[in-house]
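Take a look at the structure below.
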């Protein structure tokens, strides 16, 4: 069964460093998302991406964050200058379409980001 | 922003028992989704609901989209040890290209064999 994949599974970085989290969405999907989950808390929306541009972003997704689809398969989240509070699990998700017949969002296994 | 209240926070049950959990919102949603998350993994979609009043089953799982569009419940019948995990409800308001999900706080389910 097709699935969303993410790399790395765990990233440790120093505060102030840049990190890039990578995702390969399901191949025929058109809508891409990043969510994050701070340890022990609920999953929070960061950004949605369609047709090579951001569709919507949350208040969490400030100027330190950016997303890119550099080729036909990868979808990346960049954090320019990491802060301690960026430590969380970051989930990529994708969806084939918006109508009900396309089903819901499918999430990847996540990247655990630890900022020291 | 939209908030979801999910209850109960945690449940401890015996294998074979039925389980019920629910989510309520002060805002209307157009779509309700139920996910299960195992430790260290991403949420896995269990059931998606698209119409008010819709009742949908997936094996031993049944979920309903409330008539008011402000609530949803998930039932698990005849629980088994592998049902252990955190269950999240998620609501979606629009069908714009954004279509963000708002997640509940989760219900931690423990099944004793």
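Chains as they are written, first to last, in my numbering: chain Y, 1 to 116; chain P, 1 to 113.
Just so you know, even glycine gets a beta-carbon here, dropped at the ideal spot from N, CA and C.
A quick note: this is a predicted structure, and the numbers were derived from the prediction, not measured.
Contacts with chain P at 8 Å (Cβ-Cβ) do not include residue 72 of chain Y.
Taken through DSSP and simplified to helix, strand or coil, residue 48 of chain Y comes out as strand. Counting along the chain, the unbroken beta strand (DSSP E) around residue 71 of chain P starts and ends at 71-76.
Here residue 44 of chain P is not near residue 84 of chain P, since their CB atoms are 8 Å or more apart. Note: residue 13 of chain P is bridge-paired with P:111 in the DSSP secondary-structure output.
Closer than 9 Å at the C-beta level to chain Y, one finds these residues of the region 97-112 of chain P: 97, 98, 99, 100, 101, 102, 103, 104, 105, 106. Around residue 43 of chain Y, the beta-carbon contacts reaching into chain P at under 7 Å are 43, 88, 103. By the rule that beta-carbons nearer than 8 Å mark a contact, residue 33 of chain P touches chain Y.
Inclusion of residue 110 of chain Y and residue 6 of chain Y in the CB contact set at 8 Å is warranted, their separation being smaller than that value. Per the Cβ contact rule, the region 62-82 of chain P is in contact with the region 12-28 of chain P (3 or more Cβ pairs under 8 Å). Against residue 63 of chain P, chain Y offers no close residue; the least beta-carbon distance is about 12 Å (beta-carbon pairs closer than 7 Å). DSSP places residue 14 of chain Y outside any beta strand (DSSP E), giving it a letter other than H or E. Minimum Cα-Cα distance from residue 85 of chain Y among the listed residues Y:24, Y:97, Y:54, Y:16 corresponds to Y:16. Boundaries of the beta strand (DSSP E) around residue 36 of chain Y: 31-37. At least 8 Å separates the beta-carbon of residue 105 of chain P from that of residue 37 of chain P. Along the region 45-79 of chain P, going in chain order, the ones with a CB nearer than 7 Å to a CB of chain Y are 45, 48, 50. Close CB contacts of residue 53 of chain P within its chain, under the 6 Å cut and outside five residues either way in sequence, are with 67 (chain order). Within the DSSP secondary-structure output, residue 56 of chain P pairs in a beta bridge with P:63. Chain P places a beta carbon closer than 8 Å to that of residue 48 of chain Y, counting this residue as a contact.
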